[in-house]
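J.: Quick one: structure below, then a few questions.
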Amino acid sequence: MKNTLQWRIHGDEFEDGSKIADWKKIESSAWHFQVESSYEMTFDIYEHDGQFWKLYQGRWVIEGIAEYTYRYGGQACRMTQVAYTEKARSPHSGLLKQRGDLEWVRVYEVNERIHNVVKTGLPNPKYNGKTVAA
Numbered sequence: 007m008k009n010t011l012q013w014r015i016h017g018d019e020f021e022d023g024s025k026i027a028d029w030k031k032i033e034s035s036a037w038h039f040q041v042e043s044s045y046e047m048t049f050d051i052y053e054h055d056g057q058f059w060k061l062y063q064g065r066w067v068i069e070g071i072a073e074y075t076y077r078y079g080g081q082a083c084r085m086t087q088v089a090y091t092e093k094a095r096s097p098h099s100g101l102l103k104q105r106g107d108l109e110w111v112r113v114y115e116v117n118e119r120i121h122n123v124v125k126t127g128l129p130n131p132k133y134n135g136k137t138v139a140a
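For the sequence shown, the numbering used here assigns the number 7 to the initial residue and increments by one for each residue that follows.
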């Protein structure tokens, strides 16, 4: 089952031939400073090929330049949005989640004991016909 898409041309085209410019961004997160690495990171959720994908992006300032430099992470991961049915540790972020909290998790992180699926991709033979791997 295909749960990731690697870059063919980093920051432009994925291994399936799709271009990031053609993906539909549906959600963005705030920038978070990464103390150990001296850069900021965010992620966006995109819709592509009937699936939801999470793609990380980093930004930093090179000394002597007064603008940010941006770079995407190494791959896109297939995601499902869940609501927590009880207070629990997130299998994705490791954060403590309260009942009713929403979170995007990788399709194989869905745990029917603590999650109700809110949004998931369409069944597709390229993805083994499954919308979640649980």
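We put the beta carbon where it would ideally sit given N, CA and C, even for glycine.
Where does Glu115 fall in DSSP's three states?
T.: As a position in the sequence shown, residue 115 is number 109, starting the count at 1. Residue state, collapsed to three classes: helix.
J.: Taking the straight line between their C-alpha atoms, what separation do you get for Gly56 and Glu46?
T.: Start at 1 with the first residue of the sequence shown, and residue 56 comes out as number 50. Start at 1 with the first residue of the sequence shown, and residue 46 comes out as number 40. About 29 Å.
J.: My output table needs one value for Asp50: the three-state DSSP class, helix, strand or coil.
T.: In the sequence shown, residue 50 corresponds to position 44, counting from 1. Three-state result, Asp50: strand.
J.: Based on Cα-Cα distance, which residue from Thr91, Glu42, Met85, Glu21 lies nearest to Gln104?
T.: The count along the sequence shown starts at 1 and reaches residue 104 at position 98. Comparing Cα positions, the closest option is Thr91.
J.: Would the stretch 108-128 and the stretch 65-72 be scored as touching if the rule is three or more Cβ pairs under 8 Å?
T.: They do not touch, by the three-pair rule.
J.: Quick one: grab the DSSP three-state call for Ala82.
T.: The residue given as residue 82 occupies position 76 in the sequence shown. Residue state, collapsed to three classes: strand.
J.: Exposed or buried, which one is His121 when buried takes at least 16 other CB atoms within 10 Å?
T.: Here residue 121 corresponds to residue number 115 of the sequence shown, with the count starting at 1. The residue is buried, with at least 16 neighbouring Cβ atoms inside 10 Å.
J.: Name the residue from Thr48, Leu108, His54, Gln63 whose alpha carbon lies nearest to the alpha carbon of Pro129.
T.: Translated into positions along the sequence shown, residue 129 becomes position 123. When only C-alpha atoms are compared, the closest one is His54.
J.: Compare the C-alpha of Trp59 against each of Trp66, Ser35, Gly127 and name the closest.
T.: Reading the sequence shown from its first residue, position 53 is the one you call residue 59. The shortest C-alpha separation from Trp59 is found at Gly127.
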